[in-house]
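Engineer:
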Amino acid sequence: GDSVTQMEGPVTLSEEAFLTINCTYTATGYPSLFWYVQYPGEGLQLLLKATKADDKGSNKGFEATYRKETTSFHLEKGSVQVSDSAVYFCALSEGEYGNKLVFGAGTILRVKS
Amino acid sequence: NAGVMQNPRHLVRRRGQEARLRCSPMKGHSHVYWYRQLPEEGLKFMVYLQKENIIDESGMPKERFSAEFPKEGPSILRIQQVVRGDSAAYFCASSPGLSGHEQYFGPGTRLTVT
Chain A
1 GDSVTQMEGP VTLSEEAFLT INCTYTATGY PSLFWYVQYP GEGLQLLLKA TKADDKGSNK
61 GFEATYRKET TSFHLEKGSV QVSDSAVYFC ALSEGEYGNK LVFGAGTILR VKS
Chain B
1 NAGVMQNPRH LVRRRGQEAR LRCSPMKGHS HVYWYRQLPE EGLKFMVYLQ KENIIDESGM
61 PKERFSAEFP KEGPSILRIQ QVVRGDSAAY FCASSPGLSG HEQYFGPGTR LTVT
């Protein structure tokens with residue numbers, strides 16, 4: 001079946017550093033791709049998404065580009081803040097209706113002031 | 001507009017007992033999904049339901065697990081005769097429609113089996 005692999009954490013950065021969290025996927029079709037963020041004690045929130053090749057999703061300074069040739073969807077942010085500390089999940093949609101989400105294992109991000 | 005509600009947030013059960021997890025979707029949402037997150041792993045799809053219908057249960061274990069989403073009331077994930085391996089965080093999500101819609105997640109229920 002389809003799968004998602006993302007870089008292991010935790011990732012520890014200083015405030016204002018550049019962030020990259022790698023995500024690659026394996027899929028038989030052409031799934032939509034997502035990044036979700038989970039803050040402590042809360043549910044997952046959609047951070048950004050891309051629905052087709054070369055689409056760029058962006059939100060709150062984060063961005064990711066759907067790269068079909070490398071089957072990747074890396075998350076980037078130019079300048080992280082302490083408030084960005086959270087767990088980040090890469091995911092793809094599969095199934096007849098595209099409603100079933102397949103998640104990576106999650107990457108813990110810690111930003112120090 | 002209240003988000004997806006799950007209760008209880010924490011549930012402790014002894015081996016052999018039953019666990020019932022509840023999920024109230026966002027207002028206006030008629031599609032519910034359940035995911036399980038085992039320690040150190042990502043979320044794994046379990047089941048997708050519409051009101052009174054199970055659409056896709058391909059991720060549900062074959063025994064002891066069942067889910068429903070009645071016409072009235074919350075969706076229920078039921079685990080009979082729990083075992084230690086059932087200890088996990090169970091997340092519910094909801095969406096307004098069939099395809100191409102964002103899923104909104106609840107805060108999860110953390111089940112501990114002692």
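Taken in sequence, the protein lines are chains A and B. Each residue of the first sequence is one higher than the one before, counting from 1 in the working numbering. Each residue of the second sequence is one higher than the one before, counting from 1 in the working numbering. We treat Cβ as the ideally placed atom computed from N, Cα and C, and that holds for glycine. Predicted model, so just to flag it, every value in this text is computed and none were measured.
1) Quick one: residues in its chain with C-beta nearer than 7 angstroms to the C-beta of Gly59/B, no 5 flanking neighbours on either side, listed in chain order?
2) With a threshold of 7 angstroms between beta carbons, is Gly57/A in contact with chain B?
3) Can you tell me whether Pro25/B is buried or exposed? The criterion is at least 16 other CB atoms within 10 Å of its CB, across all chains shown.
4) Is the CB of Leu77/B under 7 angstroms away from at least one CB in chain A?
5) Flag Ala86/A as yes if its beta-carbon sits less than 7 angstroms from any beta-carbon of chain B, otherwise no.
6) Do Ala50/A and Leu33/A have their C-beta atoms closer together than 7 angstroms?
7) Starting from the Cα of Gln17/B, find the closest Cα among Arg78/B, Ala2/B, Gln103/B and Ser94/B and give me that residue.
8) Where does Glu72/B land, buried or exposed, given buried means 16+ other C-beta within 10 angstroms?
9) Which residues in chain A have a C-beta closer than 7 angstroms to the C-beta of Gln103/B? List them in chain order.
10) Nearest to Gln20/A by CA position, among Gly95/A, Gly104/A, Asn99/A and Phe73/A, is which residue?
11) Mark Val113/B as exposed unless 16 or more other C-beta atoms lie within 10 angstroms of its C-beta, in which case mark it buried.
12) What residues of chain A sit near Pro107/B, judged by a beta carbon separation below 8 angstroms?
Structural biologist: Reading it off the structure:
1) Lys44, Phe45, Met46 and Val47
2) no
3) buried
4) no
5) no
6) yes
7) Arg78/B
8) exposed
9) Leu101
10) In the sequence under discussion, the amino acid at residue 20/A is Thr, which differs from the Gln named in the question. Cα-wise, what sits closest to Thr20/A is Phe73/A.
11) buried
12) Gly41, Glu42 and Gly43
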